[in-house]
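Chains as they are written, first to last, in my numbering: chain H, 9 to 152; chain A, 9 to 152. Don't be surprised by glycine CBs; every beta carbon is placed ideally from N, CA and C. Structure, as structure tokens:
2 protein chains.
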Amino acid sequence: MSHNKQNFVQKLRELGYRVTPQRQLIMDTLCEMGGHATINQIYERVHDQAPAIDRATVYRAIHLFHEHQFVHSADFNGRTMYEIAETQPHHHLVCRECQQVISLSDHHFDYLADHLRREHGFYADINHITIHGLCAPCQERVRD
Amino acid sequence: MSHNKQNFVQKLRELGYRVTPQRQLIMDTLCEMGGHATINQIYERVHDQAPAIDRATVYRAIHLFHEHQFVHSADFNGRTMYEIAETQPHHHLVCRECQQVISLSDHHFDYLADHLRREHGFYADINHITIHGLCAPCQERVRD
DNA sequence: CTCCATGCAAACTATTTGCACACGT
DNA sequence: ACGTGTGCAAATAGTTTGCATGGAG
Numbered sequence: 009m010s011h012n013k014q015n016f017v018q019k020l021r022e023l024g025y026r027v028t029p030q031r032q033l034i035m036d037t038l039c040e041m042g043g044h045a046t047i048n049q050i051y052e053r054v055h056d057q058a059p060a061i062d063r064a065t066v067y068r069a070i071h072l073f074h075e076h077q078f079v080h081s082a083d084f085n086g087r088t089m090y091e092i093a094e095t096q097p098h099h100h101l102v103c104r105e106c107q108q109v110i111s112l113s114d115h116h117f118d119y120l121a122d123h124l125r126r127e128h129g130f131y132a133d134i135n136h137i138t139i140h141g142l143c144a145p146c147q148e149r150v151r152d
Numbered sequence: 009m010s011h012n013k014q015n016f017v018q019k020l021r022e023l024g025y026r027v028t029p030q031r032q033l034i035m036d037t038l039c040e041m042g043g044h045a046t047i048n049q050i051y052e053r054v055h056d057q058a059p060a061i062d063r064a065t066v067y068r069a070i071h072l073f074h075e076h077q078f079v080h081s082a083d084f085n086g087r088t089m090y091e092i093a094e095t096q097p098h099h100h101l102v103c104r105e106c107q108q109v110i111s112l113s114d115h116h117f118d119y120l121a122d123h124l125r126r127e128h129g130f131y132a133d134i135n136h137i138t139i140h141g142l143c144a145p146c147q148e149r150v151r152d
């Protein structure tokens with residue numbers, strides 16, 4: 009569910025980066041935010057706890073994390089969201105009508121990943137896939 | 009491959025929107041751009057052909073198209089891209105190292121979509137799915 | 001002829017950058 | 001002590017909005 013703090017700290021150090029309180033707080037915050045957040049949402053929450061932390065620091069940290077796969081980026085209806093790169097598969101179904109996000113773990117994604125690797129030589133980041141569409145209630149309502 | 013112009017024009021009208029040269033040019037341009045582009049890239053190209061067209065117009069058109077499923081949005085390594093909603097399935101594998109985008113049409117996505125509908129009641133926009141990961145050459149090089 | 005869509009300009013929000021200082025190693 | 005990371009401020013880029021005019025239906 010949440011990231012392994014020891015692991016995060018260790019990996020940062022291994023890569024030659026410094027483990028600062030800012031980076032730790034930003035990572036912790038993203039974890040607490042239940043899977044996905046925009047940079048702005050992360051900043052707001054971090055700022056509540058430590059007003060001295062600047063937006064630029066949040067941007068720099070998130071970019072660093074993204075570069076090294078601590079977090080992933082995803083499009084949620086035109087907005088870029090970031091989420092912890094879980095060890096547990098953690099996919100998202102995003103409804104384009106009600107904006108609802110359904111999280112699920114499903115082995116069918118693994119089949120797809122296997123297939124993409126074998127047939128297309130592509131190594132998918134299969135632990136985090138975002139799919140857009142309509143949730144059941146919205147599908148009922150719309151019927152286009 | 010390219011969008012059906014008649015269809016686009018007709019649908020716009022059906023929905024009660026006006027078919028303006030600006031909207032047509034923006035849609036044509038996106039089509040010519042081979043599947044995916046940022047709003048800025050679209051604007052640049054439109055602007056070359058018709059310098060009078062304003063950025064605001066491009067934003068408004070793309071949002072309109074997105075709202076009515078003429079185009080889809082997708083995250084390409086943290087950047088929001090837009091692409092024509094093809095009738096042909098048209099998926100993207102985005103390499104997070106070299107930024108290469110592999111387009112493919114593959115029935116395995118259909119299996120996944122069927123499964124999501126049956127098991128999770130979710131109606132995926134299966135004609136356009138973006139998956140992140142490493143392409144074969146980058147996978148070779150990295151080995152982390 | 002009637003309104004919707006556009007262009008323009010300005011406001012607003014998001015993101016990046018340079019620099020001096022602070023602090024993790 | 002060294003050099004990376006941070007805060008600050010300013011610059012740049014991205015997006016939205018109000019309003020008067022133009023043009024599609």
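Handout entry: Proximity test, Cβ basis, 9 angstroms: residue 36/A and chain H
Key = no
Problem - Top-ranked residue by Cα proximity to residue 144/H, from 104/H, 37/H and 86/H - result: 104/H
Practice task
Give a yes or no on whether 9 angstroms exceeds the smallest Cβ distance from residue 86/A to chain H.
Solution key: yes
Practice task
Select from the stretch 78-107 of chain H all residues with a C-beta closer than 9 angstroms to any C-beta belonging to chain A, and list them in chain order.
Solution key: 80, 81, 82, 83, 84, 85, 86, 87, 88, 89, 90, 101, 103 and 104
Exercise for the section: Look at residue 86/H and residue 131/A and say whether their C-beta atoms are less than 9 angstroms apart. Expected result: no
Practice task
Count the C-beta pairs between the stretch 57-64 of chain A and the stretch 118-130 of chain A that are closer than 8 angstroms, then say yes if the count reaches three, no if not.
Solution key: no
Exercise for the section: Please decide whether residue 117/A counts as near chain H, where near means a Cβ-Cβ distance under 9 angstroms. Expected result: yes
Practice task
Say whether the stretch 31-43 of chain A touches the stretch 75-92 of chain A, bearing in mind that this needs 3 or more beta-carbon pairs closer than 8 angstroms, one atom from each stretch.
Solution key: yes
Handout entry: Length of the line joining the Cα atoms of residue 44/H and residue 26/H
Key = 25 angstroms
Problem - Per-residue burial, residue 31/H [other beta carbons within 10 Å of its own, 16 or more giving buried] - result: buried
Handout entry: Cut-off 8 angstroms between Cβ atoms - residues of its own chain near residue 232/H, not counting five sequence neighbours on either side
Key = Past the edges of chain H, shown from 9 to 152, lies residue 232/H, and the structure says nothing about it.
Exercise for the section: Determine which residues of the stretch 40-52 of chain H have a Cβ less than 7 angstroms from any Cβ of chain A, and write them out in chain order. Expected result: none
Practice task
Please report how far the alpha carbon of residue 12/H lies from the alpha carbon of residue 55/A, in whole angstroms.
Solution key: 49 angstroms
Exercise for the section: Pick helix, strand or coil for residue 108/A, following the three-state DSSP scheme. Expected result: coil
Problem - Entirely enclosed beta strand (DSSP E) segments - the stretch 24-109 of chain H, minimum 3 residues - result: 79-84, 87-92 and 99-103
Problem - For residue 84/H, the nearest candidate out of 14/H, 21/H, 73/H and 110/H (CA to CA) - result: 110/H
Exercise for the section: Taking only the alpha-carbon atoms, compute the straight-line gap between residue 48/A and residue 68/A and give it to the nearest angstrom. Expected result: 13 angstroms
Exercise for the section: Would you tell me roughly how many angstroms separate the C-alpha atoms of residue 34/H and residue 74/A, rounded to the nearest one? Expected result: 32 angstroms
Practice task
Report yes if the CB atom of residue 124/A is closer than 9 angstroms to the CB atom of residue 139/H, and no otherwise.
Solution key: yes
Handout entry: Inter-residue spacing [alpha-carbon to alpha-carbon] between residue 14/A and residue 21/A
Key = 11 angstroms
Problem - The alpha helix (DSSP H) enclosing residue 140/H, as first and last residue numbers - result: No alpha helix (DSSP H) holds residue 140/H; the beta strand (DSSP E) holding it covers 138-142.
Practice task
Consider the Cβ of residue 16/A: report whether some Cβ of chain H lies at a distance smaller than 9 angstroms.
Solution key: no
Practice task
Within the same chain, show all residues whose beta-carbon is closer than 8 angstroms to that of residue 7/A, passing over the 5 residues directly before and after it, in chain order.
Solution key: No answer is possible for residue 7/A: it lies beyond the span of chain A, which begins at 9 and ends at 152.
Exercise for the section: Would you mind reading off the limits of the alpha helix (DSSP H) that contains residue 117/A? Expected result: 116-128
Practice task
Can you have a look at residue 23/H and say buried or exposed, based on whether 16 or more other CB atoms are within 10 angstroms of its CB?
Solution key: exposed
Practice task
Provide the residue span of the alpha helix (DSSP H) that contains residue 12/H, from first to last.
Solution key: Unbroken run through residue 12/H: none, as it is neither H nor E.
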